[in-house]
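Colleague: Please see the structure below; I have some questions.
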Amino acid sequence: MTGKIDWYKDLIVWQQAMDLAVATYSLTKAWPKEELYGLTSQIRRSATSIPANIAEGYGRDNRGSYQQFLRIAQGSLKELETHLQIAERIGLATHDQADHLLTSTEGIGKMLRQLILRLTPE
Numbered sequence: 360m361t362g363k364i365d366w367y368k369d370l371i372v373w374q375q376a377m378d379l380a381v382a383t384y385s386l387t388k389a390w391p392k393e394e395l396y397g398l399t400s401q402i403r404r405s406a407t408s409i410p411a412n413i414a415e416g417y418g419r420d421n422r423g424s425y426q427q428f429l430r431i432a433q434g435s436l437k438e439l440e441t442h443l444q445i446a447e448r449i450g451l452a453t454h455d456q457a458d459h460l461l462t463s464t465e466g467i468g469k470m471l472r473q474l475i476l477r478l479t480p481e
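Quick note, the numbering used here runs 359 ahead of the 1-based positions in the sequence shown.
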């Protein structure tokens, strides 16, 4: 989207973060029930935290607060990447499943960094 951003839902980074969160729910749906309060929960919480923090920061109407929430989203993104790599290493996710989601996290991370830089006063 190249026009004016009137709402956080217009942000491509938020849209892609939402898609990523949905994809993590799909991935973890088939995981063993004994993981529900372990890695499944951790992955779902970190994934949903990304778009939630983008939205919350946007709603603060303060550039500094917005940047801080985008940094929190970045942290949740790195947490998710780590959980996905653990899931692959212990056999809960295949290499292809983890790699597909990690490719998404890489793009989202780049967009978050760009947005933070755009909000930084010169």
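We put the beta carbon where it would ideally sit given N, CA and C, even for glycine.
Just so we're clear, the structure is a prediction, and the values are computed from it rather than from any experiment.
Going straight from the alpha carbon of THR474 to that of GLY416, what length do you get?
Modeller: This sequence places Leu at residue 474; Thr is not what is there. Rounded to whole angstroms, LEU474 to GLY416 spans 12 Å at the Cα level.
Colleague: Any contact between the segment 445 to 462 and the segment 418 to 433? By contact I mean 3 or more CB pairs, one from each, below 8 Å.
Modeller: No, they do not touch.
Colleague: Hey, THR399 and THR387 are a contact pair by Cβ (cut 8 Å); roughly how many whole angstroms apart?
Modeller: Yes, THR399 and THR387 are in contact; Cβ-Cβ is about 5 Å, under 8 Å.
Colleague: Considering only residues of the same chain and omitting the five flanking positions on each side of HIS454, which have a CB-CB separation below 8 Å?
Modeller: Closer than 8 Å at the Cβ level, and outside the excluded window around HIS454, lie GLU447.
Colleague: Classify SER385 as buried or exposed, calling it buried when 16 or more other Cβ atoms lie within 10 Å of its own Cβ.
Modeller: Looking at its Cβ environment, which holds fewer than 16 other Cβ atoms inside 10 Å, SER385 is exposed.
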